[in-house]
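Number of protein chains: 2
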Amino acid sequence: MKFSPLVDELIQSLRCLPGVGPKSAQRMAFQLLERDRRAGLKLATALGSAMSDVGHCQSCRTFTEESLCPICASAKRGRAGIICVVETPADVLAIEAGGHFNGRYFVLLGHLSPLDGVGPEELGLARLEQHLAEGEVTELILATNPTVEGDATAHFIADIARRYEVSISRIAHGVPVGGELEYVDSTTLALSFNGRLPL
Amino acid sequence: MKFSPLVDELIQSLRCLPGVGPKSAQRMAFQLLERDRRAGLKLATALGSAMSDVGHCQSCRTFTEESLCPICASAKRGRAGIICVVETPADVLAIEAGGHFNGRYFVLLGHLSPLDGVGPEELGLARLEQHLAEGEVTELILATNPTVEGDATAHFIADIARRYEVSISRIAHGVPVGGELEYVDSTTLALSFNGRLPL
Ligand SMILES: [Zn+2]
Ligand SMILES: [Zn+2]
Numbered sequence: 010m011k012f013s014p015l016v017d018e019l020i021q022s023l024r025c026l027p028g029v030g031p032k033s034a035q036r037m038a039f040q041l042l043e044r045d046r047r048a049g050l051k052l053a054t055a056l057g058s059a060m061s062d063v064g065h066c067q068s069c070r071t072f073t074e075e076s077l078c079p080i081c082a083s084a085k086r087g088r089a090g091i092i093c094v095v096e097t098p099a100d101v102l103a104i105e106a107g108g109h110f111n112g113r114y115f116v117l118l119g120h121l122s123p124l125d126g127v128g129p130e131e132l133g134l135a136r137l138e139q140h141l142a143e144g145e146v147t148e149l150i151l152a153t154n155p156t157v158e159g160d161a162t163a164h165f166i167a168d169i170a171r172r173y174e175v176s177i178s179r180i181a182h183g184v185p186v187g188g189e190l191e192y193v194d195s196t197t198l199a200l201s202f203n204g205r206l207p208l
Numbered sequence: 010m011k012f013s014p015l016v017d018e019l020i021q022s023l024r025c026l027p028g029v030g031p032k033s034a035q036r037m038a039f040q041l042l043e044r045d046r047r048a049g050l051k052l053a054t055a056l057g058s059a060m061s062d063v064g065h066c067q068s069c070r071t072f073t074e075e076s077l078c079p080i081c082a083s084a085k086r087g088r089a090g091i092i093c094v095v096e097t098p099a100d101v102l103a104i105e106a107g108g109h110f111n112g113r114y115f116v117l118l119g120h121l122s123p124l125d126g127v128g129p130e131e132l133g134l135a136r137l138e139q140h141l142a143e144g145e146v147t148e149l150i151l152a153t154n155p156t157v158e159g160d161a162t163a164h165f166i167a168d169i170a171r172r173y174e175v176s177i178s179r180i181a182h183g184v185p186v187g188g189e190l191e192y193v194d195s196t197t198l199a200l201s202f203n204g205r206l207p208l
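The structure is reproduced here in structure tokens:
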């Protein structure tokens with residue numbers, strides 16, 4: 010024990026955050042205790058509520074505490090008849106930051122990875138197929154990461170989608186091979202949408 | 010609003026942590042939501058308890074939820090009759106990590122800074138003087154930072170301490186062990202020359 014139990018516990022708990030080592034955890038704990046207890050309490054409440062109440066959108070699987078996320082709840086976003094398939098909720102944010110896409114999303118929450126036990130079921134592909142079967146989707150944009158797994162996942166989904174009346178494309182230009190979508194700037198992302206190719 | 014209110018609020022709240030920008034806050038929120046809700050809930054509890062219950066040690070002013078911190082509560086640490094004055098609780102940790110100091114600490118929680126309204130009262134100097142007046146302290150080590158403010162604070166405290174039967178010292182400044190001379194700033198180098206010892 011370095012300090013008293015509550016301080017030690019706080020420093021230890023902060024290390025669950027990605028990229029936070031022992032030194033950063035200490036600095037974070039001390040800064041909150043010294044200068045910003047109100048912000049610390051607000052974070053405690055936000056964490057508690059989010060961890061307990063946030064689930065997944067019934068339509069697109071992104072994080073939300075409602076049954077539908079704001080994008081799926083918007084009739085305007087449905088009117089385009091486009092679904093963009095991405096791997097993570099962070100990818101949704103990255104594409105939304107560009108502001109050029111007016112359709113809806115489908116969030117796989119991963120990619121096909123048989124060795125890790127991630128198959129079509131884990132990616133919610135039955136739900137995606139249900140959207141296609143309902144006939145309101147005219148275009149499916151596959152925006153999985155440009156990695157081996159992301160490509161394999163895109164092709165797997167394209168094979169399913171070909172059974173329906175829907176044009177299928179894969180985003181193409183601009184996204185660097187081996188890069189992660191989340192970290193691509195919005196201009197590059199816009200280019201990659203414009204240059205999407207039919208699969 | 011990017012996601013639903015609870016997710017947005019979590020991302021926003023995480024930014025109160027030092028060094029956490031919008032991208033890191035997002036990554037942290039998603040990682041906790043996707044992979045480690047238990048750790049997130051544990052952090053929420055640790056934060057809530059620490060922000061509400063952690064105060065300052067009545068003897069040395071470091072953070073603790075008890076009236077005395079573990080070091081001040083240890084009779085062994087008092088026996089040496091030494092008090093080391095530091096600016097922050099993090100400094101206590103750094104010195105404890107060395108494992109060579111067996112006395113107690115006094116944590117100023119800052120340094121003299123009249124323009125910011127930080128004077129002797131804010132630094133708890135009356136409490137420090139009380140320790141000296143009680144006559145159990147034989148040595149006072151001034152380990153404030155080697156900055157203009159840290160030096161001024163050390164000199165101010167030394168002036169107070171001279172009224173009591175106590176030896177007063179300032180930690181030595183110089184080239185860090187294992188460091189390369191070439192990369193040490195010129196002020197440090199000058200101090201290290203001035204403080205040179207006969208071999
Ligand atoms: Zn949704
Ligand atoms: Zn103490």
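As you go down the protein sequences, you meet chains A and B in turn.
Convert by adding 9 to the 1-based position in the first sequence; the result is the number in my numbering.
Convert by adding 9 to the 1-based position in the second sequence; the result is the number in my numbering.
Don't be surprised by glycine CBs; every beta carbon is placed ideally from N, CA and C.
The structure presented is a predicted model; accordingly, all values stated were derived computationally and were not measured.
For the pair residue 82 of chain B and residue 159 of chain A, the Cα-to-Cα distance works out to about 58 Å. Restricting attention to beta strand (DSSP E) runs no shorter than 3 residues, the stretch 92–147 of chain B encloses them at 113–116, ordered along the chain. Residues lining ligand 1 by the Cβ criterion, that is a Cβ closer than 6 Å to any of its heavy atoms, are A:66, A:68, A:69, A:71, A:77, A:78, A:80, A:81 in chain order. Residue 194 of chain A and residue 132 of chain A have their alpha carbons spaced roughly 26 Å apart. Selection A:172, A:50, A:39, A:179 evaluated against residue 155 of chain A yields A:179 as nearest (Cα-Cα). By the Cβ neighbour-count rule, residue 157 of chain B is exposed, with fewer than 16 other Cβ atoms within 10 Å of its own. Residue 114 of chain B and residue 120 of chain A have their C-alpha atoms some 54 Å from each other.
The Cβ atoms of residue 168 of chain B and residue 15 of chain A do not sit closer than 8 Å to each other. Flagged as an interface residue toward chain A: residue 59 of chain B, by a C-beta distance shorter than 8 Å. The three-state secondary structure of residue 36 of chain B, taken from DSSP, is helix.
Our two residues, residue 135 of chain A and residue 58 of chain A, have alpha carbons roughly 30 Å apart in a direct line. Counting the other Cβ atoms within 10 Å of the Cβ of residue 191 of chain A gives 16 or more, which makes it buried. Closest option to residue 172 of chain A, judged by alpha-carbon separation, among A:147, A:189, A:127: A:147. By the Cβ criterion, the stretch 94–106 of chain B is in contact with the stretch 20–39 of chain A, since at least three pairs of Cβ atoms, one from each stretch, lie closer than 8 Å.
Setting aside the 5 residues that flank it on each side, residue 122 of chain B is surrounded in the same chain by 158, each with a C-beta closer than 7 Å to its C-beta; the list follows chain order. Bounds of the alpha helix (DSSP H) holding residue 22 of chain B are 14–23. If you draw a straight line from the Cα of residue 24 of chain B to the Cα of residue 138 of chain A, it comes to about 38 Å. In the DSSP assignment, residue 61 of chain A falls within the unbroken alpha helix (DSSP H) covering 46–62. Of A:198, A:13, A:153, A:145, the smallest CA-CA separation from residue 77 of chain B is found for A:13.
At a cut-off of 8 Å between beta carbons, residue 63 of chain A contacts chain B. Annotation for residue 88 of chain A: no beta strand (DSSP E) segment contains it, though the alpha helix (DSSP H) segment containing it runs 84–88. Proximity of chain B to residue 162 of chain A at the Cβ level (cut-off 9 Å) is not reached, the minimal Cβ distance being about 17 Å.
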